[in-house]
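For the sequence shown, position 47 (counting from the first letter as 1) is numbered 518 according to the working numbering, and the numbering increases by one without interruption.
To start, the structure itself, in structure tokens.
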Amino acid sequence: MSVASFAALLTVWTLALLIPGPDFLAVSHASVARSRRDAVFVGFGVAAAMAVWVTTSLVGLTVLLVKCQPLFQAVRFAGAAYLAWLAFQLLRSAARRTARGTEAASVGAKARGAGAAFRAGFLCNIGNPKAAVFFSSVFAALLPPHVDWEFRVAIGVAVPAIGAAWYTVVACLFSAKRIAAGYARVRRIVDGVTGTVFAALAGELAIAE
């Protein structure tokens, strides 16, 4: 196994994770709106989707997905639809809180099970065609010419593990008492802004060439 290639891949992957996107928004919002436990499971769902992407990339299927336009477009529209649904939920919540006034500010989001939170994170990532583009271009380009099974296993484990670790950190940071208390005071604004961002991302996916 090439240690240099392994280190280069993980470095690029870690830096890519630090760029806020739909996954970051999903985990951070779950942290402040629901609970740390909920956000951790959202992060685990995201990491599971990453495991799917890295596995398909290592066997060459991600490249085929990007080249197969009908399938790629289907993933793109599915991702846009899911983000639009998330945006609708958040904007509806913000609108309801505006109608009810500040009296409802202390009421948290409805609790959901670990499976539902995990599924939300998984769908958020697996429906993002930008992940397919990343794993079929940048990620694939950094793979050594001849990838042995040890390298495949190590990368296949490391990529989702780093993702799970990062989003666990995000969940812990955003669920801190001070941040949660601040969110309770401005939840309507945060929900509205987050919903608007999700709506913009959905629109970007839907109209992208």
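Glycine included, C-beta positions come from ideal geometry on N, C-alpha and C.
All values reported here derive from a predicted model rather than from experimental measurement.
Helix, strand or coil at residue i [DSSP, three-state]
i	result
Gly598	coil
Ala647	coil
Ile660	helix
Pro491	coil
Asp619	coil
Gly584	coil
Ser502	helix
Ser476	helix
The ligand ADP heavy atom lying under 6 Å from the CB of residue i
i	result
Ser499	Annotation note on the ligand ADP: not contained in the displayed structure, which lists no ligands.
CB of residue i within 7 Å of CB of residue j, strictly
i	j	result
Ser476	Phe645	no
Asp494	Asn596	yes
Phe512	Ala585	yes
Gly598	Ala549	yes
Gly666	Leu562	yes
Trp637	Leu496	no
Phe515	Phe622	no
Pro615	Ser499	no
Where the alpha helix (DSSP H) containing residue i begins and where it ends
i	result
Val530	Where Val530 is concerned, there is no enclosing alpha helix (DSSP H), given that its DSSP letter is neither H nor E.
Leu613	609-613
Identity of the residue in the options nearest residue i by Cα
i	options	result
Ala642	Ala497, Arg507, Leu488	Arg507
Ala479	Ser528, His500, Ile626, Gln560	Ile626
Phe669	Ser473, Phe605, Pro491	Pro491
*Just checking, does the segment 629-648 make contact with the segment 544-560 on the three C-beta pairs under 8 Å criterion?*
No, they do not touch.
*For the 8 Å Cβ check, are there 3 or more pairs between the segment 479-496 and the segment 597-611?*
Taking 8 Å as the limit for Cβ pairs, the verdict is that the segment 597-611 does touch the segment 479-496.
*Any 3 or more C-beta pairs closer than 8 Å across the segment 521-530 and the segment 585-605*: Three or more Cβ pairs drawn from the segment 521-530 and the segment 585-605 lie within less than 8 Å of each other, which places the two stretches in contact.
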